[in-house]
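Participant: My structure is below; once you've seen it, I'll send some questions.
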Amino acid sequence: MNHFTYGPLTPGLAFLMSCTGACLGLLCSARAQAMSGFARGRWIAMAAVSLGGTGIWVMHFIAMLGFSIPGQEVRYDIPLTLASLLLSVLVVGIGLTLAIGGESSTASLLVGGVITGSGVGAMHYLGMYAMKTTQPIGYDPRVVSLSMVIAIVAATAALWAALHVRGAKAISAAVPVMGLAVCGMHYTGMFAMHRTGTGSAGAHPHGTDQTTFFAPMITSISVLTMIILVIVAIWPNVEQMEDDRDFDDRVARLTAGGVPHTAS
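For the sequence shown, this note's numbering assigns the number 7 to the initial residue and increments by one for each residue that follows.
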């Protein structure tokens with residue numbers, strides 16, 4: 007099995023997309039904490055799409071473009087691949103909701119990290135199961151377990167960063183670490199794979215080839231990522247949002263308390 011068919015191109019692009027998703031996820035998460043109610047949910051949803059969609063799923067399948075088995079055709083089951091995308095976004099959204107809604111409590115962070123990490127690991131192996139070939143493939147359970155541990159630790163660290171990392175310098179330092187963690191989990195899981203027999207000669211696996219499916223999917227998510235980036239760029243920064251929230255809270259308290267009546 008060859009995990010680097012195109013040399014450093016696919017791992018490099020995968021790392022870049024992972025960092026892009028992580029950066030946007032941190033920016034959206036910071037804004038989610040400055041809001042409440044529906045507005046908070048909207049920012050969490052954008053953070054989940056950024057981190058779960060771009061930072062994890064797109065990274066995963068860009069890296070998979072570099073995977074090949076000499077002499078074997080590799081195709082992908084579309085429903086399973088789309089299910090892996092939805093799973094990735096969903097578990098990241100759940101983790102962020104628990105961590106942010108738990109007001110930064112350690113318990114909420116750990117529970118969110120376990121759920122998110124386990125979900126990301128499940129997404130990874132669901133995406134690999136969606137890869138179809140006539141070559142029988144097995145997995146080393148020890149390496150699989152290691153990849154799941156990495157996923158949970160990385161997810162917990164990502165949620166902690168979403169809660170606490172602020173400012174351009176801090177984000178610039180955190181993003182490459184998050185990108186490396188996601189890529190590390192992916193390639194650890196990939197190296198768990200091994201051949202278990204001889205592929206069927208002349209047989210063709212069902213599914214869609216890489217370029218037909220992944221090119222439009224990755225392009226679509228990349229466009230969505232750019233839209234989120236524009237929204238983040240034109241929206242007030244976190245400090246301004248917190249000031250506006252505090253002002254609205256003071257106005258609401260004054261309105262609820264009423265204005266004292268002064269006798270003439």
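Beta carbons: idealized from backbone N, C-alpha and C, even for Gly.
At which residues does the alpha helix (DSSP H) containing R48 begin and terminate?
Facilitator: Where R48 is concerned, the enclosing alpha helix (DSSP H) stretches over G43 to A54.
Participant: Just how far apart, CA to CA, sit V155 and P17?
Facilitator: 21 Å
Participant: Excluding the 5 residues preceding and the 5 following F10 in the sequence, name in chain order all residues of the same chain whose CB lies nearer than 6 Å to its CB.
Facilitator: G72
Participant: DSSP on Y12, reduced to helix/strand/coil?
Facilitator: coil
Participant: Kindly list the residues whose CB is nearer than 8 Å to the CB of Y193, restricted to its own chain and excluding five residues on each side of it in sequence; keep chain order.
Facilitator: H9, P17 and A69
Participant: Assign I233 to buried or exposed, taking buried as 16 or more other Cβ atoms, counted over all protein chains shown, within 10 Å of its Cβ.
Facilitator: exposed
Participant: Name the two residues that bound the continuous alpha helix (DSSP H) containing I237.
Facilitator: For I237, the enclosing alpha helix (DSSP H) stretches over residues Q216 to I240.
Participant: Is the region 161 to 180 touching the region 116 to 123, taking contact as three or more C-beta pairs under 8 Å?
Facilitator: Yes, they touch.
Participant: What is the rounded straight-line gap between the Cα of A157 and the Cα of H210?
Facilitator: 33 Å
Participant: Between A28 and V238, which are expected to be in contact by the criterion C-beta below 8 Å, what is the C-beta distance as a whole number of angstroms?
Facilitator: For a cut-off of 8 Å, the C-beta gap from A28 to V238 is around 13 Å, too long to register as a contact.
Participant: So I177 packs on L32, CB below 8 Å; how close in whole Å?
Facilitator: 5 Å
Participant: Quick one: is P14 buried, meaning 16 or more other Cβ sit within 10 Å of its Cβ, or exposed?
Facilitator: exposed
Participant: If distances are taken between C-alpha atoms only, which option among R148, A54, S151 and Q141 comes closest to S24?
Facilitator: A54
Participant: Does the beta-carbon distance from Y145 to A89 come in below 7 Å?
Facilitator: no
Participant: Compare the beta carbon distance of F67 and G185 with 7 Å and say whether it is the shorter of the two.
Facilitator: no
Participant: Mind checking whether A136 and T87 have CB atoms under 7 Å apart?
Facilitator: yes
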